[in-house]
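Novice: First residue of the sequence shown: 26, per my numbering; consecutive thereafter. We treat Cβ as the ideally placed atom computed from N, Cα and C, and that holds for glycine. Small disclaimer: the values here were computed from a predicted structure and weren't measured. Below you'll find the structure I mean.
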Amino acid sequence: MTPTTPGATPPTTLLQRLKSRLGLGHDWYVVIVAAAIGLIMSGIAMAFILPIRWMQRQPGILAEHHPYLLLLLIPVVPVVGALLTGLVHNFFPSESSGRGVPAVMYAIHRRQARLPLKLAFSKWIASTCTIASGGSAGPEGPIVTIGAAIGSWLSRVLRVHPTTAGTFLGCAAAAGMGSVFNAPIAGIFFVLEVLLRDFSLRTFTPIVIAAVASSAATQAVLGDTPLFGVGPEFFASPNRTFTLTQLPNYLVMAVACGVLATLFIRGMGFAERQFARLPVAALLRPAVGALFLGVLGLVFTGLAMTTSIGAIEPVFFGDGYAPIKHMLDQNTYLDQATGQPLPVLVVALVLLAICGLKFLATWFTLGSGGSGGLFAPALFLGAAFGGAFGCLVSATGLAPAAQPAQYALVGMAAMVAATSHAPLTAILIVYEITRSYEGLLPIMLASVIATLVARLIFPESVYTAKLAAMGVRVGGTSDLPLLRRLTASDVPLLNAIVVHPDESGERLLELTEQTGVGDFVVLDPEERYAGMVTGVDLRKILLYREAVPLLQINEIMRTDLPTVDADETLDLVLEKFNASDVHCLVVLSERGDGTVRGVIARSRVLRRYQESLHEG
26 MTPTTPGATP PTTLLQRLKS RLGLGHDWYV VIVAAAIGLI MSGIAMAFIL
76 PIRWMQRQPG ILAEHHPYLL LLLIPVVPVV GALLTGLVHN FFPSESSGRG
126 VPAVMYAIHR RQARLPLKLA FSKWIASTCT IASGGSAGPE GPIVTIGAAI
176 GSWLSRVLRV HPTTAGTFLG CAAAAGMGSV FNAPIAGIFF VLEVLLRDFS
226 LRTFTPIVIA AVASSAATQA VLGDTPLFGV GPEFFASPNR TFTLTQLPNY
276 LVMAVACGVL ATLFIRGMGF AERQFARLPV AALLRPAVGA LFLGVLGLVF
326 TGLAMTTSIG AIEPVFFGDG YAPIKHMLDQ NTYLDQATGQ PLPVLVVALV
376 LLAICGLKFL ATWFTLGSGG SGGLFAPALF LGAAFGGAFG CLVSATGLAP
426 AAQPAQYALV GMAAMVAATS HAPLTAILIV YEITRSYEGL LPIMLASVIA
476 TLVARLIFPE SVYTAKLAAM GVRVGGTSDL PLLRRLTASD VPLLNAIVVH
526 PDESGERLLE LTEQTGVGDF VVLDPEERYA GMVTGVDLRK ILLYREAVPL
576 LQINEIMRTD LPTVDADETL DLVLEKFNAS DVHCLVVLSE RGDGTVRGVI
626 ARSRVLRRYQ ESLHEG
């Protein structure tokens with residue numbers, strides 16, 4: 026058996042033949058495909074988000090003309106949407122439910138970026154049913170999942186290396202998120218910071234190309250209006266300028282946001298466990314959560330109708346974008362009749378109550394199996410808590426120049442950063458969706474402090490908590506991406522020195538003298554892998570050399586050692602080496618029939634890693 030080196034895949038697809046005919050290098054080929062992915066994802070993102078936005082506008086129209094009909098529909102529509110979501114779960118079990126980002130991360134870090142194409146369709150339908158019917162969730166998680174599934178499918182069609190497959194998956198995810206939020210930079214860094222955890226130039230370049238192509242195409246159709254544009258007047262007057270004296274207030278708010286984010290993450294896990302224990306069919310669990318949500322909404326709207334507010338859709342329904350716009354509008358905090366500030370304590374209490382209701386609404390929706398993302402709820406929670414904090418600061422007189430809307434803006438970034446453990450993404454997304462350059466200083470401060478506090482209390486983000494519960498650790502952002510891009514097939518293998526269970530221990534000594542090898546592969550009578558005799562074990566029995574001829578190999582061999590699949594990534598291979606504390610492991614054929622391809626040495630894995638560092 027000879028050492029194995031990776032071979033080139035024959036150009037069997039149309040694009041690969043085109044690449045070969047045009048003489049394109051690998052990097053140019055990836056860039057062209059990335060641009061195509063961006064354009065495709067632009068159309069998919071618009072087809073996904075526009076129907077949801079249209080359906081979300083209907084309750085407002087209904088409230089204006091038929092307020093009591095709205096009151097009747099509030100507890101009914103979420104349940105209907107949840108039942109439809111449950112049906113999707115039933116047809117696509119374990120693929121469409123809950124939050125899609127952890128599933129994408131799992132595929133990247135454990136399945137070589139392989140996701141089934143049907144995941145895109147199931148997540149599309151389930152998320153539309155959940156969000157459009159009032160479920161407290163956002164569209165960013167679904168579009169990331171949809172894009173990732175499409176990028177993964179395209180990688181299989183093009184038959185690219187697992188390294189490039191992860192890049193194409195990231196291209197589609199970044200393009201989709203950039204189009205939905207009209208925030209291409211944030212989409213890029215969300216993929217790099219949260220999904221891939223890889224900032225290498227080889228990954229960064231095609232993802233930028235895809236996000237730019239997607240956002241440019243989307244803006245050509247929908248325009249370049251930011252999602253929550255606050256306008257230049259937000260900082261026009263002197264008392265609305267961020268000042269050094271206000272930074273301690275933002276620091277305190279960031280600490281509070283870190284604590285709240287931890288509560289949100291832990292509460293989400295608790296809700297998922299409690300709903301999973303309900304003695305009802307999985308098909309009906311989203312409807313149970315939607316029923317709780319509907320009761321909350323009914324009480325909220327009923328109370329609103331007894332005041333001058335009138336019939337309104339519950340502000341904690343859906344993605345919450347419209348309420349966020351109001352919380353970022355300074356006029357929201359003023360009496361419309363007199364132009365004077367509303368009682369700050371009353372406003373603060375209302376915002377805190379809304380914040381609490383959003384917590385419950387999101388737990389009910391996603392904890393029960395509803396489909397959607399957590400970015401939008403985090404933005405809402407940050408805006409509500411930030412606005413309340415700003416009101417309380419004004420009431421105490423600690424910072425007379427403080428404006429609640431400014432704190433709402435900074436709170437959005439702090440909450441997103443603390444829940445996702447991705448401060449860079451949080452800073453960029455709040456900047457892009459508000460176009461608020463003047464607010465960058467406190468946004469940066471609050472984002473990093475909130476993340477530090479959240480990680481100090483609970484080390485997992487809202488995305489990695491679910492993976493950690495499965496025993497999956499995604500690691501850091503430095504060397505792991507290199508190891509995940511390489512597989513056991515990329516490492517030259519050693520020849521397997523084969524012995525059989527019924528042979529004498531003396532045979533091991535003969536082979537050691539002939540080959541100088543200390544690790545032996547044991548094959549059964551059908552020539553399938555049965556175990557190993559390691560050099561450590563051999564040295565132990567040599568202490569009693571006179572007994573060696575009396576031993577058979579089946580009395581010496583180890584059957585507890587892990588094996589390595591040929592397509593397994595090197596980060597997993599190193600985990601197996603660390604767990605077993607041996608120098609060599611057996612590599613089995615990808616056919617799954619127990620055929621041995623060779624032996625992989627720890628030293629060769631590390632040498633291949635060093636080579637990849639020099640390759641960039």
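Bridge partners for F545 per DSSP, in chain order?
Specialist: Position 520 of the sequence shown, counted from the start, is the residue given in the question as residue 545. DSSP, once it has assigned bridges, lists V558 as partnering F545.
Novice: With burial defined as no fewer than 16 other Cβ atoms inside 10 Å of the residue's Cβ, what is the status of Q361: buried or exposed?
Specialist: Mapped onto the sequence shown, residue 361 falls at position 336. The residue in question, Q361, is exposed, as its Cβ has fewer than 16 Cβ neighbours within 10 Å.
Novice: Would you identify the three-state DSSP class for S529, choosing helix, strand or coil?
Specialist: As a working note, residue 529 is residue 504 in the sequence shown. Reduced to three states, the DSSP call for S529 is strand.
Novice: Run through the DSSP bridge pairs and tell me what R583 is partnered with.
Specialist: Along the sequence shown, one-based indexing puts residue 583 at 558. BP columns for R583 point to M557.
Novice: Can you give me the Cβ contacts of L449 inside the same chain, cut-off strictly under 6 Å, excluding the 5 residues immediately before and after it?
Specialist: In the sequence shown, counting from the first residue as 1, residue 449 sits at position 424. So the qualifying residues of the chain are F214, E218.
Novice: At the level of alpha carbons, what is the spacing between G322 and W388?
Specialist: Your numbering for residue 322 matches position 297 in the sequence shown. Your numbering for residue 388 matches position 363 in the sequence shown. One alpha carbon belongs to G322, the other to W388, and they sit about 14 Å apart.
Novice: So what does DSSP say about P304, is it helix, strand or coil?
Specialist: Translated into positions along the sequence shown, residue 304 becomes position 279. Per DSSP, reduced to three states, the secondary structure at P304 is coil, with no helix or strand assignment.
Novice: DSSP has Q299 in a bridge; who is on the other side?
Specialist: Counting from one through the sequence shown, the residue named residue 299 turns up at place 274. Q299 is not bridged to any residue.
Novice: Please return the same chain residues whose Cβ sits closer than 6 Å to the Cβ of M650, not counting the five positions on each side in sequence.
Specialist: Since the first residue shown for the chain is 26 and the last is 641, residue 650 is missing from the structure and cannot be characterised.
Novice: Along the chain, where does the alpha helix (DSSP H) containing I168 start, and where does it finish?
Specialist: In the sequence shown, counting from the first residue as 1, residue 168 sits at position 143. Taken as a continuous stretch (DSSP letters only), the alpha helix (DSSP H) holding I168 covers 165-183.
Novice: Leaving out the 5 sequence neighbours to the left and right, which residues in its chain are closer than 6 Å to L417 when beta-carbon positions are compared?
Specialist: In the sequence shown, residue 417 corresponds to position 392, counting from 1. For L417, where only same-chain residues beyond five positions count, the Cβ hits under 6 Å are A373.
Novice: Could you please give the first and the last residue of the uninterrupted beta strand (DSSP E) stretch that includes L613?
Specialist: Indexing the sequence shown from 1 puts residue 613 at position 588. Here the beta strand (DSSP E) through L613 covers 609-613.
Novice: Ends of the beta strand (DSSP E) at E622?
Specialist: In the sequence shown, counting from the first residue as 1, residue 622 sits at position 597. Sequence check: residue 622 is Arg here, not Glu. That run of the beta strand (DSSP E) goes 621-626.
Novice: Take M80 as the anchor and find which of F193, A70, S158, R184 has the nearest alpha-carbon.
Specialist: Within the sequence shown, residue 80 is the residue found at index 55, counting from 1. Taking only the C-alpha atoms, the option nearest M80 is S158.
Novice: Comparing alpha-carbon positions, which option in M130, P273, A238, V473 lies nearest L220?
Specialist: The residue labelled residue 220 in the question sits at position 195 within the sequence shown. Answer by Cα proximity: M130.
Novice: Pull the bridge partners of V523 from the DSSP assignment, please.
Specialist: Start at 1 with the first residue of the sequence shown, and residue 523 comes out as number 498. According to DSSP, residue pairing for V523 in a beta bridge involves V546.
Novice: If you compare alpha carbons, which of E552, L519, D562 is closest to T540?
Specialist: Position 515 of the sequence shown, counted from the start, is the residue given in the question as residue 540. When each option's Cα is compared against that of T540, the closest is L519.
Novice: Are the C-beta of G314 and some C-beta of chain D separated by less than 7 Å?
Specialist: You won't find chain D in this structure, because it holds only one protein chain.
Novice: Roughly how many angstroms separate the alpha carbons of Y456 and L382, rounded to a whole number?
Specialist: Here residue 456 is taken as the residue at index 431 of the sequence shown, counted from 1. Here residue 382 is taken as the residue at index 357 of the sequence shown, counted from 1. Near 26 Å, if we compare the C-alpha coordinates of L382 and Y456.
Novice: With contact counted as at least three CB pairs below 8 Å, one residue from each stretch, are the stretch 512-528 and the stretch 559-571 in contact?
Specialist: no
Novice: Between the C-alpha atoms of S393 and G294, what's the straight-line distance to the nearest angstrom?
Specialist: Reading the sequence shown from its first residue, position 368 is the one you call residue 393. Reading the sequence shown from its first residue, position 269 is the one you call residue 294. So the alpha carbons of these two residues sit roughly 11 Å apart.
Novice: For I18, which option in V246, V55, L96 has the closest C-alpha, if you only look at C-alpha atoms?
Specialist: Examination of residue 18 is not possible in this model, given that the chain is present from 26 through 641 alone.
Novice: With DSSP as the reference, please indicate the residues paired to T512 in a beta bridge.
Specialist: Translated into the one-based positions of the sequence shown, residue 512 becomes position 487. T594, per the DSSP bridge assignment.
Novice: I need the straight-line Cα distance from G530 to N603, nearest angstrom please.
Specialist: Counting from 1 along the sequence shown, the entry for residue 530 is found at position 505. Counting from 1 along the sequence shown, the entry for residue 603 is found at position 578. Approximately 28 Å, taken between the alpha carbons.
Novice: Whose C-beta lies closer than 7 Å to the C-beta of F405 among residues of the same chain, with five residues either side of it excluded?
Specialist: Mapped onto the sequence shown, residue 405 falls at position 380. Closer than 7 Å at the Cβ level, and outside the excluded window around F405, lie G345, P348, I349, K383.
Novice: Helix or strand or just coil, what does DSSP make of Q137?
Specialist: Position 112 of the sequence shown holds residue 137. Three-state result, Q137: coil.
Novice: Does Q431 come out as helix, strand or coil in the three-state DSSP assignment?
Specialist: As a working mapping, residue 431 is identified with position 406 in the sequence shown. Helix.
Novice: Alpha carbon to alpha carbon, how far is G111 from L97?
Specialist: Sequence index remark: in the sequence shown, residue 111 carries index 86 (1-based). Sequence index remark: in the sequence shown, residue 97 carries index 72 (1-based). Rounded to the nearest angstrom, the two C-alpha atoms are 22 Å apart.
Novice: Check the DSSP bridge columns for P366 and list the partner residues they point to.
Specialist: Within the sequence shown, the letter at position 341 stands for residue 366. DSSP, once it has assigned bridges, lists L359 as partnering P366.
Novice: Do the stretch 124-144 and the stretch 314-329 touch if we need at least three Cβ pairs shorter than 8 Å?
Specialist: no
Novice: Grab the span of the alpha helix (DSSP H) containing N18 for me, first residue to last.
Specialist: Residue 18 falls outside the range modelled here, since the chain spans only 26 to 641, and no answer is possible.
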